[in-house]
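When you line the sequence shown up against our numbering, it's residues 2 to 106, in that order. Note that beta-carbon positions come from the ideal geometry of N, C-alpha and C, so glycine has one too.
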Amino acid sequence: MATGVIHSGICGFTINVKATAEDGHTVSLEIESDCPNYQKIAEELTKVDAYKEMFNKLHTGRVYEVFAKYSPHPSCPGVSGILKTIEVAASLALPQTASITVTKE
């Protein structure tokens, strides 16, 4: 199992992801969030094919499809965090902390 915790930024919402690769290919997802958009995403995005998510063209997978349906914020890092968690669960990447730091001068 892989877990991801995504702190989305100024909105203050957190997205918690648990991903389990049943066969190294199909990944079951449990997504919990205080964000109302991600609560809708969680209801619909429960299982994905890791290889289709990782090796198709950008923005064509199931994760992006469901994200586009419910999230009005294209810059939300939640979608990236979910994809990274799927990738680790399917042993397509090693777990490592990723971050985005934004400043204005």
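For residue i and residue j, what's the separation of their Cα atoms in angstroms?
i     : j      : result
Glu31 : Lys105 : 35 Å
Tyr65 : Val80  : 7 Å
Ala3  : Cys36  : 21 Å
Ala22 : Glu54  : 13 Å
Leu95 : Val18  : 16 Å
Lys41 : Lys48  : 14 Å
Let's test the definition: count the other Cβ atoms within 10 Å of the Cβ of residue i and tell me whether it reaches 16, buried, or not, exposed.
i      : result
Leu1   : No statement about residue 1 is possible, as the shown extent of the chain runs from 2 to 106 and does not include it.
Phe68  : buried
Leu46  : buried
Glu33  : exposed
Asn57  : exposed
Cys12  : exposed
Ser92  : exposed
Gly5   : buried
Val103 : exposed
Glu44  : exposed
Within the continuous beta strand (DSSP E) that includes residue i, where are the two ends?
i     : result
Val89 : First-last for Val89: Gly79 to Ala90, but that is the alpha helix (DSSP H), not the beta strand (DSSP E).
Val18 : Thr15 to Ala22
Ala99 : It is not in any beta strand (DSSP E) - Ala99 carries neither H nor E in the DSSP assignment.
Would you mind reading off the limits of the alpha helix (DSSP H) that contains residue i?
i     : result
Ala69 : Arg63 to Tyr71
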